[in-house]
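Engineer: 0 is the number of the first residue of the sequence shown in numbering that gives the first Met the number 0; add one for each residue after it. Supplied in structure tokens, the structure appears directly below.
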Amino acid sequence: MTTRSDACCPLCARLATIRRGSIERHVLVQCCHCRAFVIDMRLNEIIANAWRRNLTAILGHLPWLTDATQFAGEHGGIVTLTSTNWIYIAESQARERLHQNKLRTEDVGVARRSA
Ligand SMILES: [Zn+2]
Numbered sequence: 000m001t002t003r004s005d006a007c008c009p010l011c012a013r014l015a016t017i018r019r020g021s022i023e024r025h026v027l028v029q030c031c032h033c034r035a036f037v038i039d040m041r042l043n044e045i046i047a048n049a050w051r052r053n054l055t056a057i058l059g060h061l062p063w064l065t066d067a068t069q070f071a072g073e074h075g076g077i078v079t080l081t082s083t084n085w086i087y088i089a090e091s092q093a094r095e096r097l098h099q100n101k102l103r104t105e106d107v108g109v110a111r112r113s114a
């Protein structure tokens, strides 16, 4: 059985639909900004606590998690965020984006040198 409710997206705090369903201790979040992703209840509690107490060490990772869920959604995938993988996902996403930006900067540098 699935129960559905409207609540805040744990990642971006925008209005989202939260579904509790077949996977125990996990919820499916559907957010207009972050797209759809699965999050376990433990991590959901950790993030809710971080929002309440403004724990920037945790909140600082959230834009990278949003980036990861958006990227997966654009490619037809869905990210499952858990209390054990979320930091790894956030750091990997941040590294990947920095790497892409560096490549882009190098491309511009090459273009300038050859011009
Ligand atoms: Zn969101």
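Heads up, the beta-carbon is just placed ideally off N, CA and C, and yes, glycines get one too.
Is residue 116 a contact residue of ligand 1, with contact defined as CB to any heavy atom under 7 Å?
Structural biologist: There is simply no residue 116 to check, as the chain begins at 0 and stops at 114 in what is shown.
Engineer: Within this structure, are the beta carbons of residue 10 and residue 61 separated by less than 8 Å?
Structural biologist: yes
Engineer: Thinking just about the alpha-carbon of each residue, which of 38, 13, 104, 19 is nearest to the one in residue 31?
Structural biologist: With distances taken between Cα atoms, residue 31 lies closest to 13.
Engineer: In three-state terms, what does DSSP make of residue 18?
Structural biologist: strand
Engineer: When you compare only the Cα positions, how much space is there between residue 18 and residue 97?
Structural biologist: 33 Å
Engineer: Using only the alpha-carbon positions, how far apart do residue 79 and residue 72 sit?
Structural biologist: 12 Å
Engineer: Could you tell me the distance, in whole angstroms, from the CA atom of residue 29 to the CA atom of residue 70?
Structural biologist: 14 Å
Engineer: Is it the case that the CB of residue 42 approaches a heavy atom of ligand 1 more closely than 7 Å?
Structural biologist: no
Engineer: Where residue 43 and residue 99 are concerned, what is the direct C-alpha to C-alpha distance, given to the nearest angstrom?
Structural biologist: 30 Å
Engineer: Does the Cβ of residue 65 lie closer than 7 Å to at least one heavy atom of ligand 1?
Structural biologist: Checking the 7 Å criterion, the Cβ of residue 65 is within range of a heavy atom belonging to ligand 1.
Engineer: Figure out for me which residue from 36, 37, 58, 35 has the closest Cα to the Cα of residue 46.
Structural biologist: 58
Engineer: Can we count residue 15 as close to ligand 1, meaning its CB is less than 7 Å from some heavy atom?
Structural biologist: yes
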